[in-house]
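Read through the structure below, which is laid out as structure tokens, and then see the notes.
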Amino acid sequence: MTDTLIGLVGQYSPSGNEEGAVRFLVERMQALGYDRAFRDEAGNAVGVIGSGYRQIVLLGHIDTVPGEIPVRVEDGILYGRGAVDAKGPLACFTDAAAACGAVEGWQLVVIGAVEEERDSKGAFFAVNQYKPDYAIIGEPNRWDRTALGYKGTAWAEIKIRQGMDHTASGGTTASESGVIVWQSIKTFSDAYNTDKTRVFDQLQPSLHEFNSGHNDFEQWAKMRVGVRLPPAFSPEEWYVKLEEMAVGAEVVRLGVPLAAFTCDKNTRLVRAVLAGIRGEGGTPAFVYKTGTADLNVVAPVWGCPALVYGPGDSALDHTPDERIELGEYEKAVRVLTSALKKLTEE
Numbered sequence: 373m374t375d376t377l378i379g380l381v382g383q384y385s386p387s388g389n390e391e392g393a394v395r396f397l398v399e400r401m402q403a404l405g406y407d408r409a410f411r412d413e414a415g416n417a418v419g420v421i422g423s424g425y426r427q428i429v430l431l432g433h434i435d436t437v438p439g440e441i442p443v444r445v446e447d448g449i450l451y452g453r454g455a456v457d458a459k460g461p462l463a464c465f466t467d468a469a470a471a472c473g474a475v476e477g478w479q480l481v482v483i484g485a486v487e488e489e490r491d492s493k494g495a496f497f498a499v500n501q502y503k504p505d506y507a508i509i510g511e512p513n514r515w516d517r518t519a520l521g522y523k524g525t526a527w528a529e530i531k532i533r534q535g536m537d538h539t540a541s542g543g544t545t546a547s548e549s550g551v552i553v554w555q556s557i558k559t560f561s562d563a564y565n566t567d568k569t570r571v572f573d574q575l576q577p578s579l580h581e582f583n584s585g586h587n588d589f590e591q592w593a594k595m596r597v598g599v600r601l602p603p604a605f606s607p608e609e610w611y612v613k614l615e616e617m618a619v620g621a622e623v624v625r626l627g628v629p630l631a632a633f634t635c636d637k638n639t640r641l642v643r644a645v646l647a648g649i650r651g652e653g654g655t656p657a658f659v660y661k662t663g664t665a666d667l668n669v670v671a672p673v674w675g676c677p678a679l680v681y682g683p684g685d686s687a688l689d690h691t692p693d694e695r696i697e698l699g700e701y702e703k704a705v706r707v708l709t710s711a712l713k714k715l716t717e718e
């Protein structure tokens with residue numbers, strides 16, 4: 373049952389260099405009996421089982437962050453970049469769909485999306501290609517938990533420019549103005565978070581870069597600021613507030629902002645996964661994550677019942693000790709296989 377996982381982790385695939393992993397997964401899907409397996413126009417690996425008019429899409433990502441880790445299995449534990457984030461969930465999808473097999477009236481679509489760790493290129497392409505009845509997104513949350521919410525995100529560059537002053541003039545430098553802006557962002561966020569007990573409901577700004585310099589006549593400071601957004605705070609609201617706090621500075625929006633997304637807990641999809649977890653002797657739990665995932669890209673557009681599932685400990689994401697227990701992986705495959713069979717009984 374673990375051949376898909378070990379083989380996929382063995383294909384080092386940092387964002388932008390997923391070709392080998394995509395080729396492996398397409399060939400693996402073919403070997404597992406998928407009706408169709410191919411590389412789509414965005415570079416995603418796609419496998420299809422069945423030809424029914426109803427559709428379940430299982431969307432994982434095949435890319436990883438950089439940092440190659442020697443792939444090895446020791447004492448039932450697989451070590452390697454992507455073992456957790458998120459080739460574990462993607463391989464789980466691949467094996468579970470194959471185990472479920474074709475069901476009359478249904479189509480199972482497994483997607484290994486590219487560049488999730490960058491700008492979700494693969495998901496942004498896939499969102500316009502499918503209209504699923506159910507969507508399962510692959511991220512690690514352990515075999516006995518399912519995630520129902522991910523926070524939004526927005527990025528900006530703040531530029532401050534002003535004329536040169538003599539250091540004895542007592543004026544505020546561009547760098548000092550930048551520090552004041554950052555302090556304003558922190559003060560506002562701390563005040564907003566005062567009555568929010570869950571981190572999921574809080575604003576989480578972060579300062580990623582701060583550069584400054586000058587020429588003969590001008591001084592400047594530049595900051596790159598990110599934020600994790602709760603459901604109650606949209607990206608547009610954040611940018612408006614950022615411009616208010618950075619008076620006199622230029623605020624440049626970066627990338628594609630994503631709003632937070634929360635899945636409906638009371639759906640046939642959720643019940644099917646919970647039943648699968650109980651069937652393996654687990655006590656299911658829900659989690660709401662402070663990160664952002666491809667869920668935020670596809671779920672608002674597809675508008676169908678959705679959730680996030682996948683084996684692995686997310687605390688090991690992006691770390692040099694990334695690893696997954698093969699026993700946990702096998703349980704997750706059985707959980708998902710059971711859930712897919714229940715869903716396709718409709």
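According to my numbering, the sequence shown is numbered sequentially starting from 373. Heads up, the beta-carbon is just placed ideally off N, CA and C, and yes, glycines get one too.
Residue i versus residue j: straight-line alpha-carbon distance, rounded
i: residue 423; j: residue 596; result: 47 Å
i: residue 540; j: residue 622; result: Bear in mind that the predicted position of residue 540 carries a pLDDT of just 46, short of 50, making it too unreliable to give a figure here.
i: residue 701; j: residue 647; result: 17 Å
i: residue 562; j: residue 577; result: 10 Å
i: residue 455; j: residue 686; result: 11 Å
i: residue 450; j: residue 705; result: 16 Å
i: residue 329; j: residue 475; result: Nothing can be reported for residue 329, as the shown portion of the chain is limited to 373 through 718.
i: residue 605; j: residue 506; result: 27 Å
i: residue 538; j: residue 557; result: At residue 538, the pLDDT of 46 sits below 50, so the modelled position is not reliable; the number obtained from the coordinates is stated separately. So the alpha carbons of these two residues sit roughly 29 Å apart.
i: residue 589; j: residue 544; result: 15 Å
i: residue 694; j: residue 716; result: 34 Å
i: residue 714; j: residue 676; result: 17 Å
i: residue 627; j: residue 601; result: 15 Å
i: residue 649; j: residue 466; result: 18 Å
i: residue 433; j: residue 427; result: 19 Å
i: residue 663; j: residue 629; result: 13 Å
i: residue 611; j: residue 382; result: 41 Å
Residue range of the unbroken beta strand (DSSP E) whose run includes residue i
i: residue 520; result: 517-522
i: residue 591; result: 590-601
i: residue 576; result: 576-586
i: residue 629; result: 622-630
i: residue 455; result: No beta strand (DSSP E) contains residue 455, which DSSP labels as neither H nor E.
i: residue 660; result: 657-661
i: residue 679; result: 678-681
i: residue 501; result: Element bounds for residue 501: n/a, residue is neither H nor E.
Segment limits, alpha helix (DSSP H) that includes residue i
i: residue 611; result: 607-617
i: residue 572; result: That residue, residue 572, is in no alpha helix (DSSP H); it is neither H nor E in DSSP.
i: residue 482; result: That residue, residue 482, is in no alpha helix (DSSP H); its beta strand (DSSP E) goes 478-485.
i: residue 564; result: 546-565
i: residue 402; result: 391-403
i: residue 419; result: Unbroken run through residue 419 is the beta strand (DSSP E), 417-421; no alpha helix (DSSP H).
Integer Cβ distance of residue i from residue j, believed to fall under 8 Å
i: residue 398; j: residue 417; result: 5 Å
i: residue 409; j: residue 402; result: 5 Å
i: residue 481; j: residue 502; result: 6 Å
i: residue 524; j: residue 607; result: 6 Å
i: residue 592; j: residue 533; result: 5 Å
i: residue 445; j: residue 378; result: 7 Å
Opposing strand residues paired with residue i [DSSP bridges]
i: residue 670; result: The partner list for residue 670 (beta bridge, DSSP) is empty, contrary to what the question assumes.
i: residue 634; result: 521
i: residue 449; result: 446, 697
i: residue 535; result: 590
i: residue 433; result: 485
i: residue 438; result: Note: residue 438 sits in no beta bridge, so no partner.
i: residue 529; result: 596, 624
If we count Cβ pairs, one from each stretch, closer than 8 Å, do we get three or more for the region 663-683 versus the region 635-647? yes
Is the region 514-523 touching the region 669-683 in the sense that three or more CB pairs, one from each, lie closer than 8 Å? yes
Below 8 Å, can you find three or more Cβ-Cβ pairs linking the region 485-494 to the region 430-438? yes
Would you be able to state if there are at least three C-beta pairs under 8 Å between the region 606-623 and the region 523-534? yes
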